[in-house]
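Numbered according to full-length UniProt numbering, the sequence shown spans residues 1 to 141. For glycine and all other residues, C-beta sits at the position ideal for the given N, C-alpha and C.
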Amino acid sequence: MARPPRCRGRRLIGLCLGLAGAVWAQVPVPSFTLAWNHTIEKIRWEEDYRVTPDGLLLGEARVRGSGAGMEIPDGAVLRDGAWHYQRQMPPLQPLRVGRIPEAGDYQLCDAQGCKPFSEWLGPPTASQPAVELWSCELAGR
1 MARPPRCRGR RLIGLCLGLA GAVWAQVPVP SFTLAWNHTI EKIRWEEDYR
51 VTPDGLLLGE ARVRGSGAGM EIPDGAVLRD GAWHYQRQMP PLQPLRVGRI
101 PEAGDYQLCD AQGCKPFSEW LGPPTASQPA VELWSCELAG R
């Protein structure tokens, strides 16, 4: 059976979650926001990423305050109750984040809203204290 014309010759990429190259979950998003609350200050952080064949490209980031270990970056602009800033970085492939029960869970946000990582991976555990995110070709597409 032939593929639809719009798919011909194009790889469909999305977001993979896992560790050391082992895929635990795939999320078919072209872009997303990674959100979390600072473990001590309980202040929300958000980072916008675009999923590209070369990796995850960081766009704008936001933090809703400052505190212990949370200095506002140079050039940040206060808008709508959050400090907005951008960092020039090469695509991340993978992006590794710590994930333990005491810190709460990360959220993955897209046009449909925000969901905790536990939606795809189960709750954070001390025995698996990290997860990696990377762009990948979507299976079965």
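Burial state of residue i (16 or more Cβ within 10 Å)
i: Leu-78; result: exposed
i: Gly-75; result: exposed
i: Pro-90; result: exposed
i: Ala-61; result: buried
i: Gln-112; result: exposed
i: Gln-26; result: buried
i: Ser-135; result: buried
i: Leu-15; result: buried
i: Val-51; result: buried
i: Val-23; result: exposed
Residues near residue i by beta carbon distance below 6 Å, same chain, minus five either side
i: Thr-39; result: Ala-103
i: Asp-105; result: Pro-116, Phe-117, Ser-118, Pro-124
Opposing strand residues paired with residue i [DSSP bridges]
i: Asp-110; result: Gly-113
i: Pro-118; result: In the sequence as displayed, the identity of residue 118 is Ser instead of Pro. None; Ser-118 has no bridge partner.
i: Glu-132; result: Gly-18, Arg-96
i: Thr-39; result: Partner(s): none; Thr-39 has no beta bridge.
i: Ala-25; result: Leu-17
i: Ser-127; result: In the DSSP output, where bridge partners are listed per residue, Ser-127 has none listed.
Close-in-space but distant-in-sequence residues of the same chain around residue i (CB under 8 Å, 5 per side omitted)
i: Leu-12; result: Pro-28, Glu-137, Leu-138, Arg-141
i: Leu-19; result: Gln-128, Ala-130, Val-131, Glu-132
i: Asn-37; result: Ile-43, Arg-44, Trp-45, Gly-104
Check whether residue i and residue j have beta carbons under 8 Å apart
i: Asp-54; j: Thr-33; result: no
i: Gln-93; j: Leu-58; result: no
i: Gln-107; j: Ala-35; result: yes
i: Pro-124; j: Arg-99; result: yes
i: Leu-17; j: Leu-95; result: no
i: Gly-67; j: Glu-41; result: yes
Threshold first: 3 residues or longer. Then list the beta strand (DSSP E) segments lying entirely within the stretch 44-104, N to C.
44-52, 55-63, 77-79, 82-86, 95-98
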